[in-house]
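The structure under discussion appears below in the form of structure tokens.
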Amino acid sequence: MSSKPPDAAWLEVSLTLDDPEVVDAVAEVLARFTPQPLAWEYATPQVDARNHITDLGAVTLRAYIPVRPEHIEAVQRRVAEALWHLSQIRPLPTPRFRLLRDEDWAEAWKRAYRPIPVGQRLAIVPAWMTNPWPDREAIFLEPGMAFGTGMHPTTRLVLAEVERLAPGAPRVVDVGCGSGILSLAALRLGAARAVGVDTDPVAVEVARQNAARNGLARRFTARVGSIEVLLRGDTVPFGQGELVLANILAPILVDLLGAGLAQVVAPGGHGVLSGILAPQADEVAAAARAAGLQVVRRSHEGDWVALTVQREV
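Counting from 4, one number per residue, gives the positions in the sequence shown under the numbering used here.
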């Protein structure tokens with residue numbers, strides 16, 4: 004996966020963040036400087052007696068930037084300046100920099116990840132590790148290559164609903180599928196088939212690779228696009244699901260609901276809408292009702308909300 008230029012080193016940039024509201028913003032800044040996936044390291048996730056995560060604690064974000072030796076100082080300065088501008092909006096810790104050799108980078112990137120339990124029945128496991136919980140259904144992912152590793156509250160909120168609803172949903176539709184984690188979880192937990200769409204071609208390819216990695220490629224279809232692919236229905240095996248998952252952002256959810264997302268939910272079926280900050284929940288709920296969906300459940304984790312909706316028969 005290395006794409007560094009000849010004779011280059013790796014500049015590691017890391018920040019440890021205890022404010023979950025700044026994590027995504029910092030990740031977006033760091034991602035501008037490297038084609039490589041970021042590493043997200045949760046030092047001490049707290050779990051209860053049933054292996055449910057109760058608190059992820061602080062997260063250390065690490066970016067690995069390919070850089071020629073003569074450019075190290077200039078790149079470090081540009082990264083520091085970009086983070087400084089962000090810190091004028093929300094306080095940030097001082098970034099840490101260190102130079103790594105190629106072989107050190109490969110090990111450092113993988114070392115940041117560990118298996119995590121999710122909900123009551125799932126485990127998200129890095130592709131190079133084994134599942135430490137035989138009583139849990141494992142989903143093996145190559146972390147960092149597309150959104151969706153199970154760490155973010157929005158993903159965990161959807162996965163909790165997937166545990167509840169997938170056994171009664173033979174067809175699953177995943178809008179903005181990212182890494183494919185939600186579809187793969189649904190297939191592990193009882194769904195028969197899943198279709199995922201994403202506007203990012205890289206995410207679609209990663210989702211396909213993750214499905215193959217988990218032995219689920221024959222039951223999972225991924226296409227580039229959004230709900231227009233599902234409503235048209237000519238390139239996917241089905242365009243409606245008894246369970247429709249959309250973990251995106253609140254403004255996009257509102258737009259999708261106005262553009263026909265409710266039609267993707269089969270009559271009597273459920274949708275799970277996530278990526279919603281608490282102050283945005285009422286607006287998304289109103290858009291869902293206007294589209295003909297009933298809000299039947301609100302789930303919360305920290306500042307994030309997921310809405311479970313249902314379409315009338």
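Virtual Cβ for every residue (Gly too), placed ideally from N, Cα, C.
Keep in mind the model is a prediction, meaning the values are calculated, not measured.
- Within the same chain, Cβ atoms closer than 6 Å to the Cβ of valine 198 are found at Val176, Thr224 and Val239, the five residues on either side in sequence being excluded.
- Rounded to whole angstroms, the separation of the alpha carbons of isoleucine 68 and arginine 292 is 45 Å.
- Between leucine 264 and alanine 309, the beta carbon gap of about 15 Å keeps them out of contact (Cβ cut-off 8 Å).
- With contacts defined by Cβ atoms closer than 9 Å, serine 229 and valine 287 do not form a contacting pair.
- Inclusion of valine 268 and valine 247 in the CB contact set at 9 Å is warranted, their separation being smaller than that value.
- Of Pro23, Gln283 and Leu144, the smallest CA-CA separation from valine 209 is found for Leu144.
- Restricted to the region 239-305, the beta strand (DSSP E) segments that are unbroken, complete and at least 3 residues in length are 244-250, 268-280 and 296-304, listed in chain order.
- Within its own chain, the residues whose Cβ lies closer than 6 Å to the Cβ of isoleucine 251, once the five positions on either side in sequence are excluded, are Gly179 and Gly278, listed in chain order.
- The C-alpha of glutamate 140 lies about 35 Å from the C-alpha of alanine 289.
- As the crow flies, the alpha-carbon of proline 120 is around 33 Å from that of valine 232.
- With 16 or more other Cβ atoms inside 10 Å of its own Cβ, glycine 181 counts as buried.
- For alanine 188, the enclosing alpha helix (DSSP H) covers residues 184-191.
- For serine 17, the enclosing beta strand (DSSP E) starts and ends at 12-20.
- Straight through space, the alpha carbons of glutamate 245 and glutamate 315 are spaced by roughly 12 Å.
- Glutamine 313 is bridged by DSSP to His273 and Gln297.
- Arginine 99 is positioned such that its CB atom lies closer than 9 Å to that of valine 16.
- The beta-bridge partner set that DSSP reports for threonine 63 consists of Thr19 and Glu44.
- When the Cα atoms are used, leucine 296 and glutamate 304 turn out to be separated by approximately 23 Å.
- Judged by DSSP in its simplified three-state form, arginine 117 adopts coil rather than helix or strand.
- Each of Val25, Asp27, Thr63 and Ala34 was checked against the Cα of leucine 18, and the nearest Cα belongs to Thr63.
- Under a 10 Å Cβ-count criterion, valine 165 is classified as buried, with 16 or more other Cβ atoms of the shown protein chains found around its own Cβ.
- Per DSSP, leucine 144 is one residue of the beta strand (DSSP E) stretching across 140-144.
- Between glutamate 76 and arginine 65, the alpha-carbon positions lie close to 18 Å from each other.
- Closest in alpha carbon position to arginine 196, among Asp203, Gly183, Val205 and Thr202, is Gly183.
- From the listed residues Asp138, Asp22 and Gly122, the smallest Cα separation to leucine 160 is found for Gly122.
- The residues Val247, Val268 and Val312, in chain order, have a CB closer than 6 Å to that of glycine 274 in the same chain once the five nearest residues on each side in sequence are set aside.
- In its chain, beyond the 5 residues on either side, Leu160 and Ala309 have a beta carbon closer than 6 Å to the beta carbon of serine 302.
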